[in-house]
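Q: To start, I am sharing the structure in question, which I have written as structure tokens.
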Amino acid sequence: MKMEKKKAFLINFLYYALLLCAAFVVLKYGLPLLAPFVIAFILAYLLRKPVLFLSRKLHIPQKPTAILLVLIFYSTVGLLLSLVGIRAFSSTRDLVLNLPQIYARHVEPVLMGIFGNLEQALQKMDPSLVSTLEDLFNQFTQSLGQMVSSLSVGAMGTISGIASSLPGLFIKLLLMIISTFFIAADYELLTGFFLKQLGGKTQKIFMQVKEYVVGTLFVCIRSYALIMSITFVELSLGLTVIGVKNSILIAFLISVFDVLPVLGTGGIMIPWMVISALTGNYSLSLGLLIVYLFITVIRNIIEPKIVGSQIGLHPVVTLASMFAGVQLLGVVGLFGFPISLSLLRHLNDNGTIHIFK
1 MKMEKKKAFL INFLYYALLL CAAFVVLKYG LPLLAPFVIA FILAYLLRKP
51 VLFLSRKLHI PQKPTAILLV LIFYSTVGLL LSLVGIRAFS STRDLVLNLP
101 QIYARHVEPV LMGIFGNLEQ ALQKMDPSLV STLEDLFNQF TQSLGQMVSS
151 LSVGAMGTIS GIASSLPGLF IKLLLMIIST FFIAADYELL TGFFLKQLGG
201 KTQKIFMQVK EYVVGTLFVC IRSYALIMSI TFVELSLGLT VIGVKNSILI
251 AFLISVFDVL PVLGTGGIMI PWMVISALTG NYSLSLGLLI VYLFITVIRN
301 IIEPKIVGSQ IGLHPVVTLA SMFAGVQLLG VVGLFGFPIS LSLLRHLNDN
351 GTIHIFK
């Protein structure tokens, strides 16, 4: 009897391990290849309820309503992205081109001032060290200047590389737009054909998974919107207290940037602190450091609790799954790993699968 239980356990373990490996391979390598079609399907799904609503209210067939809504959606998004993209590209290019001038005008004078104070202090202590310090400082400033220049050239090369990849990106974008029109117009036909290929029990499990994942993803988005709002309030108060102008606008921009899993708040506040210190504004640099540390500590405390409580996982499990997900699959893993664990718990609780006791 014990041997049979061990055998059944090993079989189940290998079965679910293979499923996890297959899911990882699909997400890691298959998803990027099919990304235009996956995004097109998601957009068609999101537009499905507005299509049905307008079709019913205006007494227009669903297919032309779907095509009209997709056209309006892409026209609006395309216009906004074009305006923002042109502005961002122009500002980034100007900043990159002016890096050497910014260094010569703002950073180098600060370094010279620091060196002058250090030289005076050493001259009082040991005058023989001054010449050595001068050589070291000249080498340092020369290396730093070369690094800034190479950074500027490298950044321009990166921008040129992005520009050269635009034709491939344009093809993917075109495929996504065309696919969205076709999927939105024949949504019921396509989804109905797919569901017919599944057996009765498999179809039931698939519908359970779909409903739970969509609902949980919405909950995750709502949770991160709450975290972003808390970060915005903290930043607004903190930046206002330390005397930063336009603190509300800056706090909003940083809180939006904070959603990114790798960069986060530190992606803006740490360079801001360093630049403030280099330009001699030590009080602002110290104030930004205090605000940043406060926000980081609060974020690390509330994020697992808010996200975990919303999807029914312990904060430690949520934090570990988010960390592992970001390392393996980036943004997809950040949301996908906690949702997958929550889905397994849900299916186990209602008896669909039997993994946990």
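Numbering follows full-length UniProt numbering, with no gaps: position 119 of the sequence shown is 119.
Here a beta-carbon is modelled for each residue, glycine too, at the ideal position from N, C-alpha and C.
All values reported here derive from a predicted model rather than from experimental measurement.
Let me check understanding here. Comparing Cα to Cα, which of L189, P32, L217 and T76 lies closest to L343?
A: Closest by alpha carbon: L217.
Q: Could you check whether the stretch 323-340 touches the stretch 16-30, counting it as contact only if at least three pairs of C-beta atoms, one from each stretch, sit closer than 8 Å?
A: They touch, by the three-pair rule.
Q: Give the DSSP-derived three-state secondary structure of V70 in the structure shown.
A: Reduced to three states, the DSSP call for V70 is helix.
Q: Would F232 and S247 qualify as a contact pair, given that the criterion is a beta-carbon distance under 8 Å?
A: Not a contact, by the Cβ cut-off of 8 Å.
Q: Which ranges does the alpha helix (DSSP H) cover as unbroken runs of at least 4 residues, wholly within the stretch 257-328, from first to last along the chain?
A: Counting whole runs of 4 or more residues, the stretch 257-328 contains the alpha helix (DSSP H) stretches 266-278 and 282-311.
Q: Identify the continuous alpha helix (DSSP H) that holds residue 369 and give its terminal residues.
A: Limits of the chain in this structure are 1 at one end and 357 at the other, which puts residue 369 out of reach.
Q: Quick test of the definition: if touching needs 3 or more C-beta pairs under 8 Å, does the stretch 164-184 touch the stretch 26-37?
A: Segments in contact, yes.
Q: Can you say whether L79 is buried or exposed, counting buried as having 16 or more other CB atoms within 10 angstroms of its CB?
A: So L79 counts as exposed.
Q: Which residues bound the alpha helix (DSSP H) around L195?
A: Segment Y187 to K196, the alpha helix (DSSP H) holding L195.
Q: What did DSSP end up calling H346 once you bin it into helix, strand or coil?
A: H346 falls in the helix class under three-state DSSP.
Q: Please go through the same chain and pick out, in chain order, the residues whose beta-carbon is closer than 8 Å to the beta-carbon of A184, but skip the five residues on each side of it.
A: Taken in chain order, the residues that qualify are L43, A44, L47, R48, V51, A66, I67, L69 and V70.
Q: Do you know how far the Cα of I302 is from the Cα of I295?
A: One C-alpha to the other measures close to 10 Å.
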